[in-house]
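Numbering (my numbering), first residue to last: 8 to 449. Heads up, the beta-carbon is just placed ideally off N, CA and C, and yes, glycines get one too. Notes to accompany the following structure.
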């Protein structure tokens with residue numbers, strides 16, 4: 008079926024019809040080689056360096072019909088070299104497939120329907136997921152409106168997920184750690200010749216109550232709750248300001264309220280602020296602070312009905328984007344839902360017009376220094392340093408190297424999957440990447 012899907016547009020293309028004056032075909036090949044000795048998890052005694060290669064290949068088709076509509080679909084294969092085709096078939100096939108209808112001749116308003124990749128601002132709440140190998144794509148109805156003369160944008164998105172056709176609500180079982188219903192509004196306004204940008208986000212997502220277990224003499228039984236839906240809202244802002252010459256400030260502030268999949272009442276927040284300066288034409292420096300609220304496990308009664316843990320990956324945000332490339336904190340569960348505090352900074356030097364070297368650091372601590380058993384630990388988790396080398400070889404060809412190292416504390420060791428393992432004091436990670444993104448036809 009996939010082979011037919013690929014060949015049909017190519018055959019039509021070769022027909023030479025004037026129909027394809029607005030057809031664009033782009034390709035993407037991104038190959039990454041890894042050597043891991045502590046990626047996402049500290050190495051323990053006896054662990055050996057892991058190595059593998061992952062590759063993502065895409066073929067993107069876009070067709071525009073004057074000011075009426077745009078049709079887009081993207082074919083993708085994303086896998087680890089040597090991986091069985093049958094083990095993760097979902098990663099081979101259609102990545103995006105949508106149609107955009109323009110609601111005005113000026114194209115300042117549109118309605119996009121289908122599976123699409125979306126991301127807003129710095130990707131804190133809604134991310135395109137480009138860091139991972141398969142990317143993020145969501146089934147959405149997306150309305151967009153722009154007033155270019157006023158530098159104003161509005162997006163409204165809504166989604167409804169089911170595993171199959173839903174004839175009755177009581178049959179609509181969607182026990183997925185993800186949203187069943189979704190709706191969001193994003194507003195953005197730019198000021199002062201686009202030197203200042205402020206965005207507002209209101210996102211409401213609803214999930215089915217998590218499965219529960221009942222213990223019987225004959226064995227355990229799992230019970231689904233398709234009729235019970237819990238929802239919570241994420242409300243907040245992102246800002247980016249050119250304070251004065253070569254000084255920049257950006258950050259965000261979000262608040263969450265409602266109920267999670269387990270019926271716990273949510274009262275959580277996230278805040279960040281980063282200050283950067285262009286020191287020289289080839290040199291940039293930045294430093295900042297980010298904090299994600301966590302649950303205080305010193306009060307088990309409170310934490311059984313309430314949570315103060317900010318869920319920062321509800322819609323595609325990746326921990327590696329903000330909390331270090333070794334990805335120790337890809338989800339709140341990695342810190343036992345106790346929240347995070349991070350002092351982060353970096354320096355970037357352009358060695359030429361096409362090459363740059365970047366060094367980033369993260370000093371990470373727990374927001375609440377208690378484990379779920381109520382035991383208090385030292386809040387400091389560790390310090391991570393990431394070194395990047397990037398080379399834009401050609402307009403369509405990029406090469407990169409990345410080395411990251413985590414200097415772990417005893418507290419971070421206690422957050423690892425097996426608390427009894429003799430974990431090492433450092434975790435290390437190396438990646439080499441080459442990416443080619445040609446325009447095949449226009």
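Query	Result
Going by the CB atoms, is the gap between residue 78 and residue 103 shorter than 8 Å?	no
Going by the beta-carbon positions, is the gap between residue 188 and residue 162 smaller than 8 Å?	no
For residue 171, name the three-state secondary structure that DSSP assigns.	coil
In terms of residues, what are the limits of the alpha helix (DSSP H) holding residue 124?	Element bounds for residue 124: n/a, residue is neither H nor E.
Roughly how many whole angstroms lie between the Cα atoms of residue 298 and residue 281?	12 Å
Just to confirm the assignment: which complete beta strand (DSSP E) runs, minimum length 3, are found wholly within the stretch 377-417?	387-401 and 404-415
Report buried or exposed for residue 181, applying the criterion of at least 16 other Cβ atoms within 10 angstroms of its Cβ.	buried
Tell me whether the beta-carbon of residue 268 lies closer than 8 Å to the beta-carbon of residue 216.	yes
How big is the Cα-Cα spacing for residue 70 and residue 135?	22 Å
Could you pull out every residue in the same chain whose Cβ sits closer than 6 Å to the Cβ of residue 195, ignoring the five residues on either side in sequence?	160 and 206
Round the Cβ separation of residue 133 and residue 322 to the nearest angstrom and send it over; I've been treating them as touching at under 8 Å.	5 Å
Since residue 62 contacts residue 334 with CB under 8 Å, what's their CB separation in whole angstroms?	Residue 62 to residue 334, Cβ: 19 Å. No contact.
Can you give me the C-alpha to C-alpha distance between residue 249 and residue 234, rounded to a whole angstrom?	49 Å
Buried or exposed for residue 376, going by 16 or more other Cβ atoms inside 10 Å?	buried
Measure the alpha-carbon distance for residue 318 versus residue 76 and round it to whole angstroms.	36 Å
Tell me where the beta strand (DSSP E) around residue 107 begins and ends.	99-109
What does the Cβ neighbour count give for residue 200, buried or exposed, with the cut at 16 atoms within 10 Å?	exposed
Answer yes or no: the CB of residue 387 versus the heavy atoms of the ligand SAH, is any distance below 7 Å?	Absent from the structure shown: the ligand SAH. Ligands present: none.
Mind checking residue 55: buried by the 16 CB within 10 Å criterion, or exposed?	exposed
Apart from the five residues on each side of it in sequence, which residues of its chain come closer than 7 Å, Cβ to Cβ, to residue 52?	429
Measure from the alpha carbon of residue 316 to the alpha carbon of each residue in 305, 293 and 374, then state which is nearest.	374
Report, in whole angstroms, the separation of the C-beta atoms of residue 237 and residue 266, which I expect to be a contact under 8 Å.	4 Å
Considering only residues of the stretch 270-342, which uninterrupted beta strand (DSSP E) runs meet the minimum length of 3 residues and lie entirely inside it, listed in chain order?	272-287 and 290-299
If you reduce the DSSP assignment to three classes, tell me which class residue 428 lands in.	coil
Among the residues of its own chain, which have a CB less than 6 Å from the CB of residue 41, if the five just before and after it don't count?	59 and 438
Please state whether the Cβ-Cβ distance between residue 362 and residue 397 is less than 8 Å.	yes
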